Structure formats: C-alpha cells, structure tokens
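Inspection log for the structure reproduced underneath, given as structure tokens.
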Amino acid sequence: MSTAENIPTASLWKPRPLPTQDCFLLQILGISYYDLVFADYKLVWELIAKQQLNAKEVQRVKHIRKREKNKLFSRGQFHTLEEAIGNLLEEKNELLLTRDKMTQECEYWEKMHKECIQMENN
C-alpha cells in the first residue's frame, strides 16, 4: 500500500454535492461531510443528541451517513475505513517528506546565492 497508485487522489475525495436539505441538516449539526462519513459513530450521535433533533431528522442523518459511506466503499476505493484512513496518513507523510525535501533544496540554493554574491563582492 505504499505505492503512489494506491493513494487516493483529491478527485476521489470530493463528494458529489449533497441535496440542499442534507446540507442544511449538517449545518444544523455543525459537522462537515467528512466528519459525518468518517467520524466515530459515537461522536456523530453525541452531536445529534446535543442538537435535540426530532426522530425524522435523526433518521435522515443516519440515511445520509450510510448512503455516503456506501458510495465511497462500494466504488471499490476502499475496503475498510481503516484502509481509507491509512491511505490518507500515507499521503500526508509523503507530502511532508516532499515539503521537507523542497525546503532543504531552497535552503541550499539560498546558501549558494549568498556565496555567489560574496564572491562577486570580493
């Protein structure tokens, strides 16, 4: 799972727009699409309890969560939630390594630039 081909691209992670009533319900809850789909089950229902949703709204949230999770997993993108999280962590680590490498390169070229200026001034 460490190869670049197995890491999800941004396009895989962009959900299709939710229906307006679903977006409104998530706004009431104060949670994002990703929190709804990937957050711990207990956390999601604690948020629902705080908002004191009626039974119809609670059922709607459950339906949205199930539908969106099924979309991700049924498309064969991930077999488990752990795999999805693992892939995100791998992608994050690769991005951090790339950033560190680019920072080192920038520092090297800045140093070379300063040395060139010093040589010209002498």
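If you count the sequence shown from 1, position 25 lands on 34 in the numbering used here, and the numbers rise without skipping. Note that CB positions come from ideal geometry on N, CA and C, so glycine has one too. None of these values were measured; they are calculated from a predicted model.
- A contact is defined here as three or more CB-CB pairs under 8 Å, and the region 104-111 fails this definition with respect to the region 61-72.
- Each of HIS122, GLU100 and LEU62 was checked against the Cα of LEU34, and the nearest Cα belongs to LEU62.
- If you keep only unbroken alpha helix (DSSP H) runs of at least 4 residues inside the region 64-129, you get 64-83.
- Counting along the chain, ILE40 sits inside no alpha helix (DSSP H), nor does DSSP assign it H or E at all.
- LYS101 has its alpha-carbon roughly 41 Å from the corresponding atom of MET128.
- The DSSP-derived three-state label of LEU62 is coil.
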